[in-house]
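Participant:
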Amino acid sequence: MTDKTYKIAAIPADGVGKEVVAAGRRVLDTLAEQSAGRFAFDWTEFPWGCEYYDQTGKMMAADGLQTLQAFDAIYFGAVGWPSVPDHVTLWGLRLNITQNFDQWANVRPVKFLPGVVSPLRKADETELDWVVVRENSEGEYAGLGGRNLSGRGPGNEVALQTALFTEKGCERIIRFAFDLARTRAVKKVSSVTKSNAQQYGMVLWDDVFKRVARDYPDVECESVLVDAMSAKFVLHPEDLSVVVASNLNADILSDLGSALAGSLGVAASANLNPERRFPSMFEPVHGSAPDIAGKGTSNPIGAIASAALMLEHFGLHDEARRVEAAIEHATGSGVLTRDIGGSATTDDMTNAIIAALTPALTPA
Ligand SMILES: NC(=O)c1ccc[n+]([C@@H]2O[C@H](COP(=O)([O-])OP(=O)(O)OC[C@H]3O[C@@H](n4cnc5c(N)ncnc54)[C@H](O)[C@@H]3O)[C@@H](O)[C@H]2O)c1
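Under the numbering used here, the sequence shown has 122 at position 131, and the numbering climbs by one with no breaks.
1) Excluding the 5 residues preceding and the 5 following W72 in the sequence, name in chain order all residues of the same chain whose CB lies nearer than 6 Å to its CB.
2) State the start and end residues of the unbroken alpha helix (DSSP H) segment that holds M7.
3) What's the gap between the Cα of A355 and the Cα of I344?
4) How many angstroms separate the CA atom of G253 from the CA atom of R143?
5) Is the closest heavy atom of ligand 1 to the C-beta of E310 under 7 Å?
6) Should V11 be listed as close to ligand 1, given that the test is whether its C-beta is under 7 Å from any heavy atom?
7) Is the Cβ-Cβ distance between S245 and A258 less than 8 Å?
8) Assuming A1 and R16 form a contact by the criterion Cβ under 8 Å, report the distance between their Cβ atoms to the nearest whole angstrom.
9) Excluding sequence positions up to five away, which residues of its chain have a Cβ less than 6 Å from the Cβ of V149?
10) Within the continuous alpha helix (DSSP H) that includes V257, where are the two ends?
11) Who are the near neighbours of V101 in its chain, counting only those whose CB is closer than 6 Å to its CB and skipping five residues on each side?
12) Hey, is N290 close to ligand 1, as in C-beta under 7 Å from one of its heavy atoms?
13) Just how far apart, CA to CA, sit L348 and G323?
14) On the DSSP letters alone, give me the boundaries of the beta strand (DSSP E) that M51 sits inside.
15) I'd like the list of long-range same chain contacts for R268, defined as Cβ closer than 6 Å, with 5 residues on each side in sequence excluded.
16) Please indicate yes or no: does the CB of E274 lie closer than 7 Å to some heavy atom of ligand 1?
17) Could you please give me the residues that DSSP links to T184 through a beta bridge?
18) Taking the alpha helix (DSSP H) that A311 belongs to, which residues open and close that run?
19) Quick one: is the Cβ of V70 within less than 7 Å of any heavy atom of ligand 1?
20) Do you know how far the Cα of M50 is from the Cα of Y43?
21) Where does S271 sit, in a helix, a strand or coil, going by DSSP?
22) Excluding the five sequence neighbours on either side, which residues of its own chain have a C-beta within less than 7 Å of the C-beta of D356, listed in chain order?
23) Taking only the alpha-carbon atoms, compute the straight-line gap between L171 and V233 and give it to the nearest angstrom.
24) Within this structure, are the beta carbons of S214 and G130 separated by less than 8 Å?
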């Protein structure tokens, strides 16, 4: 008898997404086996992605969202393949899920792992640990606009791509960032915009940030322009704790953060519907990496760390810590995939993490 069974929809999708989702599933199943019946995972895997598109002309089943609604969480790989335009794959699958399931908070921790050399010299002697909170439902990815609006034809086309900022949308993500900051050792929120150049939506964001900040007098806050923040990521990362930004800005900054931590392959993310009206989705930050897909060399850490965020979401805090500790133990003992300077395969890395899941290595 199992006390609690979590129903998880796995969508490996394309390229290395397939390799890293398989790795993460092994880690979660190991934890379930070790739980002595406390919890289990009931997996259903969906074949959606670019191959499905080649066969059906759709990125996911027509009733896919309805089907996914019955799950406790979604575990996602990565979508995209050179045979299908990227905007078709992204809007047809990933954004279709995040937007329709109102997964408005995208949490992307930047973690520096032992044994992984950062391109930042400062990382050798300074403890660095921050998290990017990305507005995930509107902003620059609202999908508003059009092409060839005035019918002027080839050579004269006009395209509009409009960013949408609502006071409610800004407020909920900014409050989320402040609440998260309160749970961290360094209670600080840095808000990022480009409100000097984008004087409507981003000034609204800044105004909401100032208003919400007054409700959190115990949390330090600052507003920084995105160009200055990208420099700060490199030059003064020790000043960061929670960084909150719009969809596009946070997307770019979180890739910069994971590159500074050593590789895109180690970055985890959670797309949360904090009200829990819909399942949340957990996925590595990286894409399908067609350049290395199928070789068995992809780094599974981003996907496995995303599985830890899923455990956190389920309230399995000790298990989440165990996975994080196992990742650190594996990299710290020199098991490294190619992207982080080693020669371990995806399987080697996953095996090392699973081996380190022993209760003896778990922090008290
Ligand atoms: N969330 C998503 O599904 C998502 C995110 C970004 C890009 N994409 C899609 O992925 C495809 C490729 O995009 P891209 O090349 O810009 O980004 P990418 O993240 O796939 O790859 C960028 C670089 O990082 C490396 N990399 C990525 N993941 C890795 C891993 N786990 N281990 C080791 N190295 C890794 C790749 O080899 C490549 O050199 C495109 O179709 C794009 O649209 C999807």
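Just so you know, even glycine gets a beta-carbon here, dropped at the ideal spot from N, CA and C.
Facilitator: On the basis of the data shown:
1) D5 and C41
2) For the sequence presented, residue 7 should be read as Val rather than Met. V7 to Q25 is the span of the alpha helix (DSSP H), which, as asked, contains V7.
3) Because A355 sits at a pLDDT of 47, beneath the cut-off of 50, its placement in the model cannot be relied upon, and the point is left open.
4) 46 Å
5) no
6) yes
7) yes
8) 7 Å
9) L140 and S141
10) Run containing V257: none; DSSP gives neither H nor E here.
11) W121, G248 and A252
12) yes
13) 14 Å
14) From DSSP, M51 is part of no beta strand (DSSP E); its letter is neither H nor E.
15) none
16) yes
17) L216
18) H308 to G323
19) yes
20) 6 Å
21) strand
22) Only positions -8 to 355 of the chain appear in the structure, and residue 356 is not among them; the question remains open.
23) 8 Å
24) no
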